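Structure first, commentary second.
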Amino acid sequence: MGIDTERDIEANLQIGPTDKGMVRIYVEAEGIEIPMDFSPDDAEEIAEEITAAATRARGAKGGKR
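Take our numbering: the last position of the sequence shown gets the number 98, and nothing is skipped along the way.
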């Protein structure tokens with residue numbers, strides 16, 4: 034399975050600060066909970082990567098606008 038492989042899985046995504054000064058990305062799906070903590074600097078890098086991917090996806094063949 035790769036990043037381009039479509040899957041029919043529903044999941045909830047939550048993002049917020051922790052009481053320890055980290056940024057948590059929390060993914061919950063049927064039977065799975067994945068808490069991932071990042072430093073604020075790392076979280077900003079992830080946000081930049083998401084923004085760049087959205088920009089590329091807009092230009093991709095079949096991308097939604």
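Ideal placement from N, C-alpha and C gives every residue a C-beta, glycine not left out. Treat the numbers as computed from the prediction; the structure is a model and nothing was measured.
Inset, instruction - Put residue 96 into one of helix, strand or coil per three-state DSSP. - result: Bear in mind that a pLDDT of 49 at residue 96, under 50, signals an unreliable position, so the number given afterwards is only what the model happens to contain. Here residue 96 sits in coil by DSSP.
Legend entry - Touch test, the stretch 43-56 against the stretch 69-84, Cβ-Cβ under 8 Å, three pairs minimum: yes
Legend entry - Rounded separation between residue 51 and residue 34 - CA only: 31 Å
Inset, instruction - Compare the beta carbon distance of residue 44 and residue 62 with 7 Å and say whether it is the shorter of the two. - result: yes
Inset, instruction - Taking residue 12 as part of the beta strand (DSSP E), name the residues at either end of that continuous run. - result: This structure cannot speak to residue 12, because the chain is shown only from 34 to 98.
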